[in-house]
Structure formats: structure tokens, C-alpha cells
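Report on the structure given below.
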Amino acid sequence: MQVRPSRASWLGALLTALLCACGDEGGRLEGSVTSLLDLRYDRAEAQLAEGELAVSFVTQQGTGTNTVLKVSARVQDMLPEGYTGSLDVNLAEVLANGAQRGAIGRNVLDEPARTFPELRVGGLKVKALPSQQGQRISGEFHVTFVNGTHTYSGRTIFGSFEATVP
Numbered sequence: 001m002q003v004r005p006s007r008a009s010w011l012g013a014l015l016t017a018l019l020c021a022c023g024d025e026g027g028r029l030e031g032s033v034t035s036l037l038d039l040r041y042d043r044a045e046a047q048l049a050e051g052e053l054a055v056s057f058v059t060q061q062g063t064g065t066n067t068v069l070k071v072s073a074r075v076q077d078m079l080p081e082g083y084t085g086s087l088d089v090n091l092a093e094v095l096a097n098g099a100q101r102g103a104i105g106r107n108v109l110d111e112p113a114r115t116f117p118e119l120r121v122g123g124l125k126v127k128a129l130p131s132q133q134g135q136r137i138s139g140e141f142h143v144t145f146v147n148g149t150h151t152y153s154g155r156t157i158f159g160s161f162e163a164t165v166p
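If you read the sequence shown in UniProt numbering, its first letter stands for residue 1, the second for the next number, and so on.
See the structure below:
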């Protein structure tokens, strides 16, 4: 089969666009919340500090940073001393103190503070725990908020990520 030059350049441009879209920086989170919030991000960052594992999806705005979405989990009771392997967290689990293990947050400049309802179901999986600056962490998450009268009730957010430890 012969491919005409114009078709070849079109196919080349399409292939380039697809390869760029699969890059490890930037992207867009999915789910029914996307009809209400812009969940595009420039990069993902992962941190483990004070017993909390957090993955933040951020954009740059001027000299500041917007946190488009932050998925965090209290994991101190799940980690043996020195453990750096993979972790699968039930974000909707209720802890002994009555709080949920996971939380969702957002902090965007010139946008009113947003709260999210409790999680009906949710999971966060990472292939390794963040332990050193510059380390790359891959994983995925999914959340469904409880039903109710809150704007985000019953809605979902999910995505895969390739995050860097800042």
C-alpha cells in the first residue's frame, strides 16, 4: 500500500500527538466531577510526611502553584518501619477516631475554597512509596463521593499518575 505524502504527514502528526499525550507530565483527571471543575494539571507530586501519603496534581500560575486536586491518606498505621514498597489504600475506610483514612482537597488561586463530601468508595495505589527527592512514583486512584445534597455528592474522580517527589 502506498501512502500519499499529505496522508503520511497527517499520520505522522497524529502519531506525534498521541506520543506526546502519553508523556509523564501533565494530563487531566477523569470522572463526573469534570463537568463541574477543570481537572487538567501540569504535573503530579507525591509526598510521604508525618504518616500521610499525598499525591497532588498541580498547575503553575505566575510564581505560584495551584493544587487542582490533592488525594491524601493517613497511612502511618499501615507501614512497617523502613517500608518503601507498593501500597494499596482504602480511602473510604473509617479509622478508630471516626475520620476517614482518605481525603480530597483543592486549592486554586482566585477560586472559593472547596470542600468535598465524605467518600463512599475510594482507593489509592502506588507502586512504591516516596522516599527521596526526584524519585518517580506511579499509581492510580479512584473516588466516589457519598450521596447527599452537596454539589459533588455521588460524583466520581479517577486517574493514573506518574508523580515526582519534590
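Glycine residues also receive a C-beta, built at the ideal position from the N, C-alpha and C atoms.
Three-state secondary structure (DSSP) of Gln76: helix
Which of helix, strand or coil DSSP assigns to Val33: Val33 carries a helical assignment under DSSP once its states are collapsed to helix, strand and coil.
N- and C-terminal bounds of the beta strand (DSSP E) containing Gly123: Leu119 to Val126
Beta-carbon spacing of Thr144, Gly122 below 8 Å: Yes, these two residues count as a Cβ contact at 8 Å.
First and last residue of the uninterrupted beta strand (DSSP E) at Gln60: Glu52 to Gln61
Ile137 Cβ short of 7 Å to the ligand SAH heavy atom set: The ligand SAH is not part of the structure shown, which contains no ligands of any sort.
Selected residue, minimal CA-CA separation from Arg114, among Gly82, Leu37, Ala128 and Glu81: Leu37
Among Asn90, Gln133, Asn107 and Val108, nearest to Gln100 - alpha-carbon criterion: Asn90
Under the three-state DSSP convention, the category Ala163 falls into: strand
Asn107, DSSP secondary structure in three states: strand
Beta-carbon proximity check, Ala44 vs Ser35, cutoff 8 Å: In this structure, Ala44 lies away from Ser35, with their beta-carbon atoms at least 8 Å apart.
Leu53 versus Pro130: straight-line alpha-carbon distance, rounded: Cα to Cα, the separation comes out at about 8 Å.
Candidates Leu48, Tyr83 and Asn107: closest to Leu39 by CA position: Asn107
Reference Asn66, options Asp42, Asp77, Ser72 and Thr156, closest by Cα: Asp42
Under the three-state DSSP convention, the category Gly64 falls into: strand
Buried versus exposed, by CB contacts within 10 Å (16 or more), Gly64: Flag for Gly64 reads exposed.
Residues near residue 171 by beta carbon distance below 6 Å, same chain, minus five either side: No information on residue 171 is available, as it lies outside the stretch 1 to 166 that the chain covers here.
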